[in-house]
Amino acid sequence: RKEVEQDPGPFNVPEGATVAFNCTYSNSASQSFFWYRQDCRKEPKLLMSVYSSGNEDGRFTAQLNRASQYISLLIRDSKLSDSATYLCVVNIISGGYNKLIFGAGTRLAVHP
Amino acid sequence: GAGVSQSPSNKVTEKGKDVELRCDPISGHTALYWYRQSLGQGLEFLIYFQGNSAPDKSGLPSDRFSAERTGGSVSTLTIQRTQQEDSAVYLCASSGFTPAGTTEAFFGQGTRLTVV
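Protein chains in written order, with the working numbering: chain A, 1 to 112; chain B, 1001 to 1116.
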């Protein structure tokens, strides 16, 4: 089982749609969770951190389910500019290392 | 500088030559990562440095790849006897730690390596 798993997509949605991505992680000791966004030919950038109580930033909502070991990202009222790859990031504690593991990403394409 | 800096931004090299890629992390960040990314693909983990601990080299694809981090700051990724399949964007990221856990990682803009 991969340490961090995401549906690669692509998710093709019309403008204004609501879309949700899930990400599962294998290490129950993980403490830090993030969603990153990567545009084509650009480096990944932090979209939002994910907190235990869930958090919202405008049209974006992130949630953490520790019992089932997954995090989610909900995008409401999708815009064309939301088209990108969304990366789930989790810290993994293994073999004496505490490091961030990036998922392979979920591609989102928003069309008019 | 305020962010992660990588150099060169682009590198074209002939097959069989050695190349060195440099990463200047954010000051104070103890963790440093190297990834590579081929066009249309996800991030491929290469190596991870954490403070003075031995690096996690589990992602290095072959013994032609090596990396150093001097003085806990600047890192150099070296690829010896480059092959065409080494062509990719090489990304460096750094992050810190707090009692609450690992902080977010910040990426440099990457080095686009082309082996001809």
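Just so it is clear, CB atoms sit at the ideal spot from N, CA and C, and this is done for glycine as well. Bear in mind that the values here come from a model prediction, so they are computed numbers and not experimental data.
Using a CB distance below 7 angstroms, the part of the region 1040-1052 of chain B facing chain A consists of Gly-1042, Leu-1043, Tyr-1048, Gln-1050, ordered along the chain.
Within the region 1079-1109 of chain B, the complete beta strand (DSSP E) segments at least 3 residues long are 1088-1095, listed from N- to C-terminus. At a C-beta separation below 7 angstroms, Tyr-97 of chain A has these neighbours in chain B: Tyr-1048, Gln-1050, Asp-1056.
Interface with chain A (8 angstroms Cβ-Cβ cutoff): Ser-1095 of chain B is included.
Inter-segment contact for the region 1101-1112 of chain B and the region 1046-1065 of chain B is absent: fewer than three beta-carbon pairs are separated by less than 8 angstroms. Going by beta carbons, Gly-1016 of chain B and Arg-1081 of chain B fall inside the 8 angstroms limit.
The alpha-carbon of Phe-11 of chain A is positioned some 43 angstroms away from that of Thr-1070 of chain B. Asn-22 of chain A is a Cβ neighbour of Tyr-70 of chain A, given a cutoff of 8 angstroms. Annotated three-state conformation of Leu-100 of chain A is strand, per DSSP. The beta-carbon of Ala-1088 of chain B is placed no less than 8 angstroms from the nearest beta-carbon of chain A. Within 8 angstroms of the CB of Ser-49 of chain A, the CB atoms of chain B belong to Glu-1104, in sequence order along the chain.
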